[in-house]
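Going by the numbering used here, the residue at position 378 of the first sequence is 381; the numbering climbs one at a time, nothing skipped. We put the beta carbon where it would ideally sit given N, CA and C, even for glycine.
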Amino acid sequence: MAEVPNKYEIKEVEQKWQSFWEDNEIYKSKINKNKKKYSIVIPPPNVTGILHIGHILNNTIQDIYCRWKRMNGFEVCWVPGTDHAGISTQLMVEKDLATQGIKKEEIGREEFVKKVWEWKEKHGGIILKQLKKLGVSVDWSKERFTLDEGLSRAVKEVFVDLYRKGLIYKGKRIINWDPITKTALSDDEIEFKELKDKLYYVKYPILDSDEYLTIATTRPETMFGDTAVAVNPLDNRYNHLTNKTVILPLVNKNIPIVFDSYVDMDFGTGALKITPSHDMNDFEIGKKHNLPQVNILTKDAKLNENGLEFQGMGVNEARKKVVRKLKEEGYLIKEDEYIHNVSFAQKSGATIEPMVSDQWFVSMKKLAEPAIKVVKEGKIKFYPDRYTKVYFHWMDNIRDWCISRQLWWGHQIPIWYKKDTGEIYCDLKPPSDIENWIQEPDVLDTWFSSWLWPISVFGWENKPNEDKNEQLNYYYPTDFLATASDIIFLWVARMIMAGLEYRKDIPFKEVYFNSIVRDGKGRKMSKTLGNSPDPLVVMDKYGTDALRFTMVYLAPLGNDVLFDIDKTEIGRNFVTKLWNAGRFLLMNKAKIYESDEYGDDVLKDDFTDKWMDSRFNSELEEVEKCLSEYKLNDYTKALYNFVWSDFCDWYIEILKIKIDKYPKSAKYIIDKALKIYEDIVKLLHPVIPFVTEEIWHILEEGRDGKSVSFSEFPEIEKDKINSESEKKFEIFQEIVSGIRNLKAENDIPYSEKCKVYAICSNDIAEKTFDEYNDYIFSLCNLSTLEKIKKLDGDKYLSKVLADFEIHIPFEVNEKQIEKYKKEIENLEKYIANIDKKLSNQNFVEKAPKELIESERAKREEAMGKLKKLKKLV
RNA sequence: GGGCGAUUAGCUCAGUUGGUUAGAGCACUUCGUUUACACCGAAGGGGUCUGAGGUUCGAAUCCUUAAUCGCCCACCA
């Protein structure tokens, strides 16, 4: 038998098993047609990112399912990998080069991309090493990267295919321009922030008239791009301005007044300046009225040659100067304080400038239709369910997806323009006479590779031959996706569309949106606040199992988790408790096995064993239910309570008495307990893999080279669930707690052995008492425990329970009398309440019979108690 | 502006289809170092469920409404 170490050496043990799992590649998955498969693809983190606390929860959830399914005999395949994260990575490298005084334009595209790859080799993949420490049971042999050869090929396949189907087009549109990274962004990559600004009222002179038309704007500096002023056709103030023209101040250009119902009469002056090149709505109005577009900004958001003397100024500087000039020339009427929303780039933080430019788009409507259908039909389920609504709302109003990015790091678009004719060529391979062509310089949005992830990771390089791709046919569709809810549109929805378009099948069956992790005060984790704990530090301090357990324990489905480092104590303490329970059982086993005084006098399963069998199987039922319904924190909570309270506080405590009392049966008693313990360890393995692996190996010799993660998950034995055993045990607990309580209330130390008389109130109490009075005696530390029919004399401390009266011979004190009185008062209130119900005609007529019966029973019980209590006062 | 979620003990949260004297963990109080565990054990105090209406024999639970907090979508210059 393996030696039982005293202390659980967290770091050492976790390190040992992590290496064992990895070195032996035990989680490598092979196609096995005889087994049901269970596959998951990891949400690929940024290749240069580092592990943060949110990753812990997300990956632990996936790991729980992989380990659980594996123990249930599934062929489990969890594919890891990373994302090239176009914008973030390019920004990072640009910044790094800047410290060396190098600008990317100086070294050119090819050299720059080389530098990014070097950066990726040097700094990339750290996050995967960190995930290894977390104990994720992924198949490392299948690791992929969104820019590796195979995935790049898949991206091209899809681009070319969509282009040929007419679903990808190039268009001059107004897009979100990020002046820092100098690229277009999709609508989903920007966010709005409330800003305190000014609303300026500027008058535009009306041609051939003394009149002015006053407009209100927050962006006077864009006036150089104005090509009209719009008013509402129903606005009586401006009826007379039909076919009139205004003179654009400073520029002295004539622009028309147009009438459009879009204009809100109640806002500002009811007159709106129209800048089609630099405002989303103005762009639409401009198109409707055939207005020209005048671009006034350079790619880094400075005024261009159209900006007169303001050319070369940044937007903010230009605004100040333009306002000053307008004031000087008498065009500025007033300025008001104004709070409005301004859009920013999520990644770079730049203020977005809407600009008109040539970009590539995916036409989404047609792709969205089947993707809406599968969710409607319940083929894909979201947890929590409310995200289906969010999904439908976005999908029903889907807009075309701007996929071109003016970056260098990413998949360059497989489009070539003929130098002389401008003819467009689109294919996987460049044209043969490449010298006559120029490739589109733009790269694709990072999500254009991510949306293929569940397909492409299985080796979908060669679409035409996909039928022969065994991996894909076996593992696709995947079974489960765990991700954060903020990428439901960016990623989840698009994967569904891509899956249906390219595999004619959903990419996953169930989507779990895990909680957002916040700090203890409910604030978002952020670098600037410095409130984001480093998971590696936490793992170091408390152990990886502890962190995993705590995160899941605290994270309810659909709500945020408030996480503090200190809270990891929950998991750490639990792991220690589990460990110590095992240590205790094994120590006893060692003692018993080396002595021969323990014979065959076997005490077959007694009431505690029957109770434990029943409880364990109910617990197992609960565990399966929680896991299949994705109630992960209930899964951990159920086991936490079961292990701590039922198994340790009651079962093991009684076991101590049992082996003392029946030494000859000790072997049987300990083995029985160890069997339950081993099953508990298995139930906990999915969430705390390290400690359970260690325990499993200590429990039995000869498990070298094996892993608990491939052992069988316990099966429910329904016939062992027995409500009578549980009821009896509850009555037993009632009297034990009652006596302890009575002692404690009266300052009788637990160590002081005292005398207790018990009167049983019913048959089942009588039976329970007779059978188990030895245990009651020991657990309460008594000198005598006697069953009586009637009490003699009146010098007792007493307690009336549901099934028992207990009495300790003692001088009665005032304090105790007060207690009785208070309890009598409570009982009277309680009974009055029931009487009120029972005397209510409506209740008696309408309530279900069982309920009325149970109310009557409750009343009777309370009355009994009351009578007995009254005797004591 | 539209939608969603939350509001239960000092704190963090459970509470299934309306029917329990409303639960847990942490914190707190008292007792306890009895040979698994002080990262422990035993016992205890503490809430009428954000406010106001309503439905019902019966509401923490259903409806209406208000307030507060949070999130998502839209982006009226």
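Inter-residue spacing [alpha-carbon to alpha-carbon] between residue i and residue j
i, j, result
"P510", "V158", "16 Å"
"W143", "P83", "7 Å"
"K330", "I129", "56 Å"
"I43", "W81", "5 Å"
"T771", "I738", "10 Å"
"A348", "L94", "13 Å"
"G585", "Y680", "7 Å"
"F780", "K871", "24 Å"
"D69", "K634", "Reading off the sequence, residue 69 comes out as Cys, not Asp. About 16 Å."
"I734", "S32", "50 Å"
"E438", "E380", "52 Å"
"T579", "A641", "17 Å"
"V365", "K302", "24 Å"
"E858", "K868", "15 Å"
"K721", "D616", "10 Å"
"K873", "I568", "52 Å"
"V626", "I67", "12 Å"
"V377", "T391", "11 Å"
"R706", "I34", "26 Å"
"T553", "C783", "34 Å"
"Y386", "V514", "6 Å"
"I175", "T278", "According to the sequence displayed, residue 175 carries Lys and not Ile. Each residue's Cα considered, the two are about 16 Å apart."
Contact belief for residue i with residue j at Cβ below 8 Å, rounded distance in angstroms
i, j, result
"I336", "K206", "6 Å"
"C429", "P417", "6 Å"
"E224", "R322", "4 Å"
"Y643", "Y556", "7 Å"
"F461", "L475", "4 Å"
"D339", "L202", "5 Å"
"N235", "M283", "Rounded, the Cβ-Cβ distance is 19 Å, inconsistent with contact."
Bridge partner(s) assigned by DSSP for residue i
i, result
"T787", "K758"
"H343", "L198"
"E469", "The partner list for E469 (beta bridge, DSSP) is empty, contrary to what the question assumes."
"T186", "D181"
"A348", "I193"
"Q442", "W419"
"E821", "In the DSSP output, where bridge partners are listed per residue, E821 has none listed."
"C80", "S42"
"F772", "None, per the DSSP bridge assignment."
"G317", "K305"
"P208", "Y215"
"E808", "I762 and V803"
"C429", "I418"
Same chain, Cβ closer than 6 Å to residue i, neighbours up to 5 away in sequence not counted
i, result
"E146", "P83 and G84"
"H292", "V261"
"E696", "W20 and V711"
"N298", "S280"
"G317", "K305"
"E192", "Q349"
Alpha helix (DSSP H) segment containing residue i, residue limits
i, result
"E312", "No alpha helix (DSSP H) contains E312, which DSSP labels as neither H nor E."
"I67", "I56 to M74"
"K678", "A669 to L687"
"I250", "Where I250 is concerned, there is no enclosing alpha helix (DSSP H), although the beta strand (DSSP E) it sits in stretches over T248 to L251."
Same chain only: Cβ atoms within 7 Å of residue i, ignoring 5 sequence neighbours per side
i, result
"M542", "K136 and L550"
"V163", "P417, C429, D430 and L431"
"E864", "A805"
Element boundaries [beta strand (DSSP E), containing residue i]
i, result
"V460", "No beta strand (DSSP E) contains V460, which DSSP labels as neither H nor E."
"V815", "It is not in any beta strand (DSSP E) - V815 carries neither H nor E in the DSSP assignment."
"D522", "V520 to D522"
"Y515", "E513 to N517"
"K661", "Here K661 belongs to no beta strand (DSSP E); instead the alpha helix (DSSP H) covers E656 to K664."
"A485", "F483 to A487"
"W24", "First-last for W24: I13 to D26, but that is the alpha helix (DSSP H), not the beta strand (DSSP E)."
"Q362", "E356 to V365"
"V555", "That residue, V555, is in no beta strand (DSSP E); its alpha helix (DSSP H) goes T547 to L557."
Sequence-distant residues of its chain with Cβ nearer than 8 Å to residue i (five each side left out)
i, result
"A860", "none"
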